[in-house]
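Novice: Sharing a structure here in structure tokens format.
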Amino acid sequence: MSNFLPLKVKYRIWTIAEAKMLSDFLPPNVPPRREFLAKFVSFGIFDRKGRSKMSFRWQRDRKLERRFKNIVQQNPDLKQMLEERDDRSLLENLLQLWQSASSDRQKSLFGNCIFAYLEEPRYRAALTRFHAFRDFENPEQSWDYYLAIAGDVTLNPEKVLALLPRYNPAKSKLETFWDFELQSIMKEISNKETTEGKYSLWYKLKVASKKKLKEGLVEVVGVSEREAISYIFARDALFQVYSKKDNRWREPTRKKYQEAADYLKCHYADKCPNSDRVNEEWLQQAIEICAQALQPSHKLCYLDEGYNSQELEMLNSSGDGRAENPLDNLANQEFEANIRDKIPAINEAIVSKLEEFSAEQKEILQLRYGLDTSGSKIAKKIGKNKSTVSRIDYKCRRELMGAIFFWANKEEMGIGIKDIKGLDDVLEDWLKNYYKNL
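According to the working numbering, the sequence shown is numbered sequentially starting from 7.
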């Protein structure tokens, strides 16, 4: 499996005409199911014919097949499982053999057989997820992204071992179990990265308790208790008239904000301070302030992470202890290479990528990170809706992150996407530092 950088992507519902106009890329259907032995010794091969055409076929690894057959011949239990087509017992035994393998060569053999077996549910799960949610501007990226998430599981026997106990043979076949299990993992990870589902701002806003929201409004945003009560009523009114649509949370429309304002005046007027000022614009602003209240005010550090008390105090304070160049925060992490010496080069890689952005992209970043302008005000200034501004900002940050990893791979630093902790936060700090010092 090739190294793949899973960039975050934003999704929205497109019309059929828009989708066809943007791209005709579709991944191929999974070919007919493999005969039983082939499930453990064959892998999926993609043949690309142009940008949108792709075919998919199974190809046996003849060397792996010979080695697997030799193992089976030497192990009567495996031979019986193969003859009985007992995939569950065979998979469990392969995992046990992988655990007890005495050499890397043996581990590789059993690991490859496990990965081969999970190839079909991996592709079926990715295909199902792709048809449910994808970025129509970059569908190939979505497809590769889902394959990478699933591959992170199927290539790791330890993760397979951890998931297998969930299987209930009374409910489904083993391959079907893995199909649904991998779909669930894809959904969880992609929702977390794209702030959809339970990670959506709107869902968090809906389920936040009044106590938690009030604490955030007073302690994080800094509003008075009287104002905080008004904003909580605004939140409550919004979710009386607004809910997720098509099983997804979307930004409320102006009509919904107006309906929420009307609802507040009708039902909460006698309880809500300043209810005489309530209108659509006020309510939208109140919701934006509530959203700010739910953002973390500081980093949480734990004593087992190796910080001393002075470092903890600096890290947990608001704004104190930040490096002059936000990239210096990366140097605290243990990589194979000395990243501190590489910071100027990383800085140059990010700036170089920034220079490739369009004038509109640069303006949005300048307003967002240099002038701390809200999304709604940026949208009004450049003549686009707020969701489009968010999407452009999001896409720019993903491209900048991609530039960092492209540089790291080029330098052969051995840094993987999971190795860099808090890179999103570091990149955001870097953008603020860069644009405020232009």
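For glycine and all other residues, C-beta sits at the position ideal for the given N, C-alpha and C.
From a predicted model like this one, the values you see are computed outputs, not experimental measurements.
Could you give the C-beta distance for A234 and V247, rounded to a whole number, given that I count them as a contact under 8 Å?
Specialist: The count along the sequence shown starts at 1 and reaches residue 234 at position 228. The count along the sequence shown starts at 1 and reaches residue 247 at position 241. Not quite, the Cβ-Cβ distance comes to about 22 Å (not below 8 Å), so this is no contact.
Novice: Among the candidates L32, Q65, V36, S61, whose CA atom is the shortest distance from the CA of L43?
Specialist: Within the sequence shown, the letter at position 37 stands for residue 43. Comparing Cα positions, the closest option is Q65.
Novice: Tell me, to the nearest whole angstrom, how far the beta carbon of D445 is from that of L180; I am working on the premise that it is less than 8 Å.
Specialist: Because residue 445 is not part of the residues shown, which for the chain are 7 to 444, the question remains open.
Novice: Do you know offhand how far R260's Cα is from G389's?
Specialist: For the purposes of this step, residue 260 is taken as residue 254 along the sequence shown, with counting starting at 1. For the purposes of this step, residue 389 is taken as residue 383 along the sequence shown, with counting starting at 1. R260 and G389: Cα-Cα distance of roughly 16 Å.
Novice: Tell me, please, whether the segment 228–243 touches the segment 273–288 by the rule of three or more beta-carbon pairs shorter than 8 Å.
Specialist: At 8 Å Cβ cutoff, the stretches touch.
Novice: Curious, which full-length beta strand (DSSP E) runs of at least 3 residues does the segment 48–133 contain?
Specialist: DSSP runs (the beta strand (DSSP E)) wholly in the segment 48–133: 48–55, 59–66.
Novice: How would you label L309, buried or exposed, when you count the other beta carbons within 10 angstroms and need 16 or more for buried?
Specialist: For the purposes of this step, residue 309 is identified with residue 303 of the sequence shown, where counting begins at 1. Per-residue confidence for L309 stands at a pLDDT of 29, beneath the threshold of 50, marking its modelled position as unreliable; the derived number appears in the next sentence. Counting Cβ neighbours within 10 Å, L309 comes out exposed, since fewer than 16 surround it.
Novice: Just grab the DSSP bridge partners of K251 for me.
Specialist: Mapped onto the sequence shown, residue 251 falls at position 245. DSSP output for K251 lists R254 as bridge partner(s).
Novice: Could you compute how far the alpha carbon of V36 sits from the alpha carbon of W104?
Specialist: If you number the sequence shown from 1, residue 36 lands on position 30. If you number the sequence shown from 1, residue 104 lands on position 98. Approximately 28 Å, taken between the alpha carbons.
Novice: Just mark G157 as buried or exposed, buried being the case when its beta carbon has 16 or more other beta carbons within 10 Å.
Specialist: Here residue 157 is taken as the residue at index 151 of the sequence shown, counted from 1. It is buried - the Cβ of G157 has at least 16 other Cβ atoms within 10 Å.
Novice: Excluding sequence positions up to five away, which residues of its chain have a Cβ less than 8 Å from the Cβ of E340?
Specialist: Residue mapping note: residue 340 aligns to position 334 of the sequence shown, counting from 1. Low confidence applies here, because E340 scores a pLDDT of 42, under 50, leaving its location unreliable; read the following figure in that light. Cβ within range, chain order: n/a, list empty.
Novice: Rounded to whole angstroms, what is the Cα-Cα separation between P350 and Q79?
Specialist: Position 344 of the sequence shown, counting from 1, holds the residue named residue 350. Position 73 of the sequence shown, counting from 1, holds the residue named residue 79. P350 and Q79: Cα-Cα distance of roughly 58 Å.
Novice: For the pair the segment 192–202 and the segment 152–168, tell me if three or more CB-CB distances fall below 8 Å.
Specialist: Verdict: yes, contact present.
Novice: Exposed or buried, what is L377 when buried is set at 16 or more other beta-carbons lying within 10 Å of its beta-carbon?
Specialist: Here residue 377 refers to the residue found at position 371 when the sequence shown is read from its first residue. It is exposed - the Cβ of L377 has fewer than 16 other Cβ atoms within 10 Å.
Novice: Kindly confirm or deny that the segment 210–217 and the segment 290–300 touch, where touching means at least three C-beta pairs closer than 8 Å.
Specialist: Contact holds: three or more Cβ-Cβ distances are below 8 Å.
Novice: Nearest to S382 by alpha carbon, out of Q367, K75, S396, I120?
Specialist: Reading the sequence shown from its first residue, position 376 is the one you call residue 382. It is S396 whose Cα lies nearest to the Cα of S382.
Novice: Report, in whole angstroms, the separation of the C-beta atoms of S48 and D67, which I expect to be a contact under 8 Å.
Specialist: In the sequence shown, counting from the first residue as 1, residue 48 sits at position 42. In the sequence shown, counting from the first residue as 1, residue 67 sits at position 61. With 8 Å as the limit, S48 and D67 qualify as a contact, their Cβ atoms being about 7 Å apart.
Novice: At what residues does the alpha helix (DSSP H) containing R172 begin and finish?
Specialist: Sequence index remark: in the sequence shown, residue 172 carries index 166 (1-based). Here R172 belongs to no alpha helix (DSSP H), and DSSP marks it neither H nor E.
Novice: Between the C-alpha atoms of R172 and Y129, what's the straight-line distance to the nearest angstrom?
Specialist: Reading the sequence shown from its first residue, position 166 is the one you call residue 172. Reading the sequence shown from its first residue, position 123 is the one you call residue 129. For R172 and Y129, the distance between alpha carbons rounds to 20 Å.
Novice: Can you give me the start and stop residues for the alpha helix (DSSP H) that R260 sits inside?
Specialist: Translated into positions along the sequence shown, residue 260 becomes position 254. Run containing R260: 260–273, per the alpha helix (DSSP H) assignment.
Novice: Could you tell me the alpha carbon to alpha carbon distance between E71 and L97, rounded to whole angstroms?
Specialist: Counting from one through the sequence shown, the residue named residue 71 turns up at place 65. Counting from one through the sequence shown, the residue named residue 97 turns up at place 91. Answer to the nearest angstrom: the Cα atoms are 16 Å apart.
Novice: Along the chain, where does the alpha helix (DSSP H) that runs through Y209 open and close?
Specialist: In the sequence shown, residue 209 corresponds to position 203, counting from 1. Per DSSP, Y209 belongs to the alpha helix (DSSP H) from 207–213.
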